Amino acid sequence: MDEIEYKLNTGNSVLVVNAVEKLISLIKSKFKPADRKKFVLENEELKFLREKCSAKETVVSLTSCQGLLALVELGVLEIGHTMSTIVTLLPTAHNYSAIISTMAGLLILDLKSRLVPGQAYVCQFSLKSPQHPFITVLEKNKTAEDDVLTQMHALCTHPDYIVSSNSLELLRPVFLWLTCNPQHAGGARPWQLLLSLPQCRAQMTLLLSCLSCQQICNPKLIERAFDAYAAVADTAIHRRDRPYVVALLPMLARISNELIKHGRDPRACYSLMERCLSLEAPELLHVASLTLLLLADNLPLTSALHLHELFNLCLNITSKYKCSSISLSAFIALSLQWVHMPSYLTTSALKVGSKILDLYQANDYEDRLDMPNLKTNKIFEALYYTDNRLSVTFKLNEIWERLRDNPDKLKSWLGAIEEVNGAMKLELVVFLIGIAMERRQEEWFEEVIVRALRIVVDAVDIKKELSVMLLPVLMYKIANDKSPAENVPNIVSIMTKLKAGKGVPTSFLIAMYTSLAETQVRCFPYLQEVLAETALGRPDELKWEVDIAKAAAVDRICEIRPSTHGLELVSTISSILNRCTDKAGSVSTSLVLRALASLWRGAAVAPPSTWRALDPKLARDSRVTVQCSICKLLSVVPALRVNTPEYDQLISVAARRLWSYMADSNQPQVVEAACDALAHYRVDDYKLKDLPEIYRIIVIVHYRSTVKLPASYCKTPADAARKPEDVLDYIPCEVWPEVFKYTNQQALAGVERLTSKLIEREVKSYRSGVYQPDGPAEPQGMGYLPATSVLRGLMDCFRKQVTSPSYDYTDAVLLSMLRTLTAEYPRPLPPVDLCFVHEALHKGTQWRSGGLKLAARQAQSVGSARRLVDNWLQAIQPESTEESEILLMFSLLPILCRGMPPNTLRGPLERCLGSSYSASTSLRAKDLEEQPLFVRQLDMVREALESDRIHDANRTLLSQIVENYFSVISDDHVAWPAYVQTCRHLSSKYLERMTSPSSWWEVTSEALRKASAVRCAVALTVAESGAAAPLNWLNELIDAQAGHIADQQYSLQCILAPLKAVKPDDKSTREWFLQLMARTQVAFKETDELSAHLYLCDVFILSTVVFSGHWWLDSERQLPVNRETLRVLLPGAAAALFEREAWRENTIQVRRRERKRVRETSSLIQLNAVVTSPS
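When you line the sequence shown up against full-length UniProt numbering, it's residues 1 to 1175, in that order.
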């Protein structure tokens, strides 16, 4: 050993090599394969050789490292152990080149040992674990990069074809670390090395991977990203590699936008793009439009200093390659704000911009199918997923090229965009403004432009700064419109000539003047002048047609401008009312009365004085249409109530007129109109004397008097002799049955609406004491209610006619009263003994349903009603009861569940549902002409569950009944859709018990399918109601479905609807998304099934695509839930989602968790390309 050490210390290369050779010989002579582990650790010569690897002398360390490598080749040392030994020497090494060269030799040996004939080599090292040895060196010593690159070059150009052909795969992690690591100050040498290698599939794949990882949206890394793309672009231009140049142009346009956004100078990027365009490749034709549209994003952000170069570049593109109309229109739209506000600083730039505007106005564009041709470029296809803005713009152009000539699909697609979230609308503003600036002449395209502008206006509400961009566009559109405001004088002049020449109908002129006056206030005098003329324009013109045109014009102006122009039209209204007195003038009179109502609401004229002037004339008008219009006019009066004698008198007069129409008119529509108008009045707005005599005097022989004075008004004979109408200042309750009796029987529906409204107000005013009458027995009548009570009069009359019929009231009248009594009111009616209802149940179907409905409504507070309903329910047997009776019970279910106990309802409900379900099991939807009984029953159960007025105990009963059918009904049953809709209204307790796989004895595919449908429907309902955390309903479903491959596609389709319904930026949505990834991470560790991993990734990707708003990128408005489509949409969707302000705080968490999971299912490169927001 002394000799060896002496030779090593001499510094002579020959002696050093001889010494190391002797060490190798000694080590080899002592080596025994059986004792390898012990030998490697204890052999003194080997320890000595390892020590010399860290020697200060370059020759000694380098030769010693070669010695270790030789021992590996001789089989004494293992590759892995020796590599670990070399790595442990790094902290004490003085000569890194020796260590790195040894690592390179070991990597070659490892490569050859792992090659399998017929299989591609896959590098065992990665960026982190197990980390590539070269990366370890670079992390330990940043100055060793040159040595590493030298060895990488040696490996890539190795004379052994096996080594050189697999070198890129072997060095893949190192290239990625050198070119993509944000903590490493990257230089040009790695790119030069990669670009200098012979072009092959492996080289292109690695190059695109390195480009894909450049974070162009990160302000700290944007210049580094530009340098990377510039290096690749320079090489492609030099090689005249047209596919690369075509693919890089849109990316360079995007980089220029990010450079401007982060305050960098974009001119170097513009210059590089000019050089790309100078290649004169015909393929550039297909990328020009996309590039121009991306450069349009620069216009709102660029400074005046860089504007000239931007316009020059875009002029070069537009003049050399005819771009699509949408791209040129969008660019012009955004450049208008510069043209709109010129400056000395932009003089030269605007001269160039005006040339582009000339091309636009000359329609110098060409609509081609560029995007399909561009998509055939494999390099572009790999790159366009790496940037959200690029992928969205490309997809927009692709959809536009497919739909631009299809009106229906184009409008449908814009309708889908109207539904997306605000963040997504902001991203589409440039494209939508481009649509608005299109110069197409088709009539249907006007609606497309309006829709696009409407979406842009919505975006302005979100981001006010966009108004600066939108205003010049609107001004340009108006200035270039075919009928701008400046043409109004010409239009008026033409119309004046037409009027003077009497060549067109006056009605047409009036309509034209009205349309003009709607949009141009200054044109109102012209309309007023036409309305004032009484002479007809043409001899063959019809008087009534002109009157209708005038009345319609008056109505429209009074509707939109009652306070400004309404008063000036009063004379026209009066003229039409005076002139149009015949039957042909009914429509005209009705229209001006509607106009008068607008004037009343707009406070343009005073209602009392107006009515005093009109009342004498209108009182004699017998035209049906006019009378209906008078009723509508008078219905406005109560809303205008003012506490003055004039208004009190007007209300009294108006009410008297309406009552007279009710009593005297033979036309049902007039009577109903009067009833609807009276419903707006309070019951104390009219007195007994306001009613017509037919309702208050003796008209039938069997009655001496319908209305008598109360005892308090008859203290003396003289008082008793007075007429009730002269004394009473209210309407006694006994009058209301007479109203039903003597009103036109064809208009009883109107009377029902009137009295129902009055009873509703009456019931609302009752205090609790009314529901607690004196005495233990139920009152036989409602005499305890006030004498003014409408309810008292109808209930007492109805009870009397049922128990002791006088036959003065027809069945139609009594049924109408019954419908009024059974209407929906905010509270139950005051208690009354309903034993008399038994008598009504046998008079017919309508009597039976009405009587049972009345009893059901009162069952909550009236014992006799409860007993009646109880007996009826117990008698229902599906084998013997008619179907109509069963349906009646289910139709009354929302009412029955308010007052009947669950034990009473359970029996008949379970019997009827069980019988109808058994009868429906063999039915098929396509063979049915009407819905099966079971489906109709489920719909009625759902209506009951929807009601918030049913008792909690009965809600529990219905929930239990519905729950029991979950395990019985199959998802292909004819009633399954109705069952799912019913389940949406169950409480969470029962839904969890039904659909939670953790509570099942066995998790089957059928049960999971049914649980998917129900849970997703519930989540949709919760989301639509605005409740918190609706997506939590999907958690257990997703976890369970991961283990069942058969129905995973079906569950994804079900999940889509609730994902689209939630608000993506809500805190609960973001928390659910993070929880989804956390649960997925746990599932990846707990199961090794690839199908489970892929399904969980599908859920994550689907959520990302929907939350980002990118689901609308499907032009048919239907997101196809399949793996391939979702993965295509993922990169742009993820980048868009995590760039949002609400999601930015979650970006780091998402990236950290997703890296671990994506490593199991796809490449790390794709993830880095997806998440491009600053970190």
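A virtual CB, placed ideally from N, CA and C, is assigned to each residue, including glycine.
Only a predicted model underlies this, so the values are computations on that prediction, with no experimental measurement involved.
Cβ-based neighbour list, residue i, same chain, cut-off 8 Å, excluding 5 preceding and 5 following
i	result
H702	Confidence at H702 is low in this model, with a pLDDT of 31, below 50, so the placement of that residue should be treated as unreliable; the coordinate-derived value is given next. Result list for H702: S806, D808, in chain order.
E1160	The pLDDT assigned to E1160 is 45, lower than 50, so where the model puts this residue is not dependable, and the model offers no usable value.
L1020	R984, P1030, A1057, P1058, A1061
R1117	The pLDDT assigned to R1117 is 46, lower than 50, so where the model puts this residue is not dependable; a value taken from the coordinates is nonetheless given after this. Around R1117: S412, W413, G415, A416.
N1146	R1070, F1073, L1074, F1138
Cβ-based neighbour list, residue i, same chain, cut-off 6 Å, excluding 5 preceding and 5 following
i	result
T58	N95
G1109	V420, N421, M424
P901	none
E44	none
S1051	S1012, Q1041
V570	none
A93	S54, I99
Contact set for residue i: own chain, Cβ-Cβ below 7 Å, skip 5 residues either direction
i	result
S590	T625, V626, S629
I1045	S1091
L284	V246, L277, Y321
Q746	P668
A613	none
Beta-carbon proximity of residue i to residue j, cut-off 7 Å
i	j	result
L743	V751	The residue you asked about is not Leu; residue 743 is Thr in the sequence shown. Yes, the Cβ-Cβ distance between T743 and V751 is below 7 Å.
Y270	E309	yes
L1059	V1106	yes
Y360	I332	yes
L194	L111	no
V456	V429	yes
D160	S289	no
V605	A551	no
K261	L301	yes
T205	P190	no
A663	P692	yes
C631	S598	no
A1135	N388	yes
L818	G850	yes
Buried or exposed (CB count within 10 angstroms, at least 16 for buried), residue i
i	result
C797	buried
R620	exposed
P786	exposed
Q1041	buried
C65	buried
L33	In the sequence as displayed, the identity of residue 33 is Pro instead of Leu. Classification for P33: exposed.
R704	Summary for R704: the model assigns pLDDT 40, below 50, so the residue's position carries little reliability; its value from the coordinates is reported in the next sentence. It is exposed - the Cβ of R704 has fewer than 16 other Cβ atoms within 10 Å.
S967	exposed
S329	buried
I399	buried
Contact belief for residue i with residue j at Cβ below 8 Å, rounded distance in angstroms
i	j	result
A975	P932	7 Å
K425	V448	Not quite, the Cβ-Cβ distance comes to about 16 Å (not below 8 Å), so this is no contact.
L516	I491	7 Å
T318	L292	7 Å
V352	N312	6 Å
L62	L23	Their Cβ separation, rounded to whole angstroms, is 15 Å, which puts L62 and L23 out of contact at 8 Å.
P173	C217	That belief does not hold up - the Cβ atoms of P173 and C217 are roughly 24 Å apart, past 8 Å.
V862	P894	Actually they are not in contact, since the Cβ atoms of V862 and P894 sit about 18 Å apart, beyond 8 Å.
M469	L334	6 Å
Host alpha helix (DSSP H) of residue i (start-end)
i	result
W400	388-403
G353	347-361
H286	285-296
C1016	1005-1025
F31	Segment: none, F31 is in no alpha helix (DSSP H) and carries neither H nor E.
S999	Element bounds for S999: n/a, residue is neither H nor E.
T506	506-519
Proximity test, Cβ basis, 7 Å: residue i and chain B
i	result
E283	You won't find chain B in this structure, because it holds only one protein chain.
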